[in-house]
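Chemist: The opening position of the sequence shown corresponds to residue 34 in my numbering, with each subsequent residue numbered one higher. For glycine and all other residues, C-beta sits at the position ideal for the given N, C-alpha and C. It should be emphasised that the depicted structure is a prediction, and the values quoted were computed from it without experimental measurement. I have a structure here, written as structure tokens, and I will follow up with some questions on it.
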Amino acid sequence: MLTSSVSSSNQRKALSSADAFSGVRGSAPAPGTFPFFHEGVVYVKSKKFVLSLIAAAVCLSPAYAFAASSIPMDYCPDEVIDCFDVIAARKQGASKDELRKVQDFVLGKKVKTDSGTSSSSYVPDEVPIDESCILEPKGTVHTGEGTFYGGGYTGGHAMLDPVSHDYWIVAMNHSDYNEAQLAGAYLEVTGELGTIKMLVTDELPEGKKGDLDLYTDAFPLIAPVEKGRVPVSWKIIPLDSAEDAPISFKYKEGSTEFWCGVQVRNHRYPITKLEYLDENGDFVEIPRRPYNYFESRDMGKGPFTFRITDIYGQVIIDKDIPLSYDDTEIIPGHVQFPE
């Protein structure tokens, strides 16, 4: 069964609740299932599949219901079901009911294949690798010294406000922070007393490479407070909230079609590069600022197609991302990095 989670503001609120995040004080819910999106479209394995629409959407808004019936969905025989199939269905004289079902499917309503196969992730089957962007192998362990401080939930250099208190937070040394490259990274931090998971929300300007500044309440979980400065080791791990949700976007205050700052959030791994598709069909890299926004005067009014590359060289493309003038709005994307 292919199922959908059509993103909404209500869904994002749910994902920010204690039940949706698994810091050291919470536990993640059972992963949801979602359609396989790649470059903004839903893929099926064979154009010969006959798809049956079933009742109810799985977002938190009221469900849509309709009787199950089998219809050939691929009106453009290209093994892709997208907006062009809606256009083709209309041109081919599809009934209003059939047309509505195609539209609903493209928007992510539940569907069932006759073969019973299913897809359960926002992650494309194949993700290209940009070797020039690989920072380090997955699982690389870093060592340094750990200290503690009382900031980071608001006003952190990574500008990830509002940060859920279901996460322990940490500031990264200047060298590893690397102009916000590790902003939003999820870490497994180990000291003499134990291991905890922490979200990078701030920068430690004076720290040496490998050093971390832990939130005050988190420090006692890895080392005795009276020591003040202790040896630590840490490694980057997949962000738990990315397990059952796509990446998201947030625009900086003052963003317009003439200048905008855009931030990528809820990425499974830290982001190395963000590009937008220009009017000539070329991807253009957007300069990144140390406060974790990518800023450009040339992007226009949107909607945008973004190409995002993580620190392991994994590349995903997200389409139809609107420009928002509301700097508090979190805009859900459609894709996520693989593990």
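#1: What is the rounded straight-line gap between the Cα of G73 and the Cα of D351?
#2: Taking the beta strand (DSSP E) that H175 falls in, what are its first and last residues?
#3: So, for V368: in the same chain, excluding its five sequence neighbours on each side, which residues have a beta-carbon less than 6 Å away from its beta-carbon?
#4: Kindly identify the DSSP beta-bridge partner or partners of A204.
#5: Can you give me the C-alpha to C-alpha distance between D246 and L232, rounded to a whole angstrom?
#6: Evaluate R301 with the Cβ neighbour count: other Cβ atoms within 10 Å of its Cβ, from every protein chain shown; 16 or more gives buried, anything less gives exposed.
#7: Which residue comes first and which comes last in the beta strand (DSSP E) that contains D351?
#8: Going by C-alpha distance, which of G346, H198, L307, P323 is nearest F339?
#9: With a threshold of 16 other CB atoms inside 10 Å of the CB of D147, please say whether the residue is buried or exposed.
#10: Any idea if V174 is buried or exposed, counting beta-carbon neighbours within 10 angstroms, 16 or more meaning buried?
#11: Quick check: what's the CA-CA separation for R123 versus I364?
#12: Tell me whether the beta-carbon of Y358 lies closer than 9 Å to the beta-carbon of Y284.
#13: Only counting the same chain, and skipping five residues up and downstream in sequence, which positions put a Cβ closer than 8 Å to that of H207?
#14: First and last residue of the beta strand (DSSP E) that includes I270?
#15: Let's test the definition: count the other Cβ atoms within 10 Å of the Cβ of S165 and tell me whether it reaches 16, buried, or not, exposed.
#16: With a Cβ-Cβ cutoff of 9 Å, do G177 and T234 count as a contact?
#17: Which value, in whole angstroms, describes the spacing of the CA atoms of G346 and G126?
Modeler: The relevant details are as follows:
#1: Within the sequence shown, residue 73 is the residue found at index 40, counting from 1. Within the sequence shown, residue 351 is the residue found at index 318, counting from 1. The predicted model places G73 with a pLDDT of 41, which falls under 50 and marks its position as unreliable; any figure quoted below should be read in that light. Rounded to the nearest angstrom, the two C-alpha atoms are 6 Å apart.
#2: The residue labelled residue 175 in the question sits at position 142 within the sequence shown. From DSSP, the beta strand (DSSP E) with H175 extends over 175 to 182.
#3: Locating residue 368 in the sequence shown gives position 335, where the first residue counts as 1. Hits under 6 Å: F70, Y155, P279, I349, D351.
#4: Looking up residue 204 in the sequence shown gives position 171. Bridge partners of A204: D235, D246.
#5: As a position in the sequence shown, residue 246 is number 213, starting the count at 1. As a position in the sequence shown, residue 232 is number 199, starting the count at 1. When rounded, the distance between both Cα atoms is 12 Å.
#6: Sequence index remark: in the sequence shown, residue 301 carries index 268 (1-based). The residue in question, R301, is buried, as its Cβ has 16 or more Cβ neighbours within 10 Å.
#7: Stepping through the sequence shown from its first residue, residue 351 is reached at position 318. Element bounds for D351: 348 to 354.
#8: Start at 1 with the first residue of the sequence shown, and residue 339 comes out as number 306. The shortest Cα separation from F339 among G346, H198, L307, P323 belongs to L307.
#9: As a first step, residue 147 must be located in the sequence shown, where it is residue number 114. Here the model assigns D147 a pLDDT of 40, short of 50, so the residue's position is not dependable, and the following value carries that caveat. Label assigned to D147: exposed.
#10: Here residue 174 corresponds to residue number 141 of the sequence shown, with the count starting at 1. Its Cβ having fewer than 16 others within 10 Å, V174 is exposed.
#11: As a first step, residue 123 is located in the sequence shown; it is residue number 90 there, counting from the start. As a first step, residue 364 is located in the sequence shown; it is residue number 331 there, counting from the start. Roughly 30 Å between the two C-alpha positions.
#12: Here residue 358 refers to the residue found at position 325 of the sequence shown. Here residue 284 refers to the residue found at position 251 of the sequence shown. Cβ distance < 9 Å, so Y358 and Y284 count as in contact.
#13: Locating residue 207 in the sequence shown gives position 174, where the first residue counts as 1. If we look at H207 and ignore the five residues flanking it on each side, its Cβ neighbours are E236, L237, P238, E239, G240.
#14: Start at 1 with the first residue of the sequence shown, and residue 270 comes out as number 237. 263 to 270 is the extent of the beta strand (DSSP E) around I270.
#15: Counting from 1 along the sequence shown, the entry for residue 165 is found at position 132. Burial call: exposed.
#16: Taking the sequence shown and counting its residues from 1, the one referred to as residue 177 is at position 144. Taking the sequence shown and counting its residues from 1, the one referred to as residue 234 is at position 201. Taking 9 Å as the Cβ cut-off, G177 and T234 do not qualify as a contacting pair.
#17: For the purposes of this step, residue 346 is identified with residue 313 of the sequence shown, where counting begins at 1. For the purposes of this step, residue 126 is identified with residue 93 of the sequence shown, where counting begins at 1. Distance between the alpha carbons of G346 and G126 is about 45 Å.
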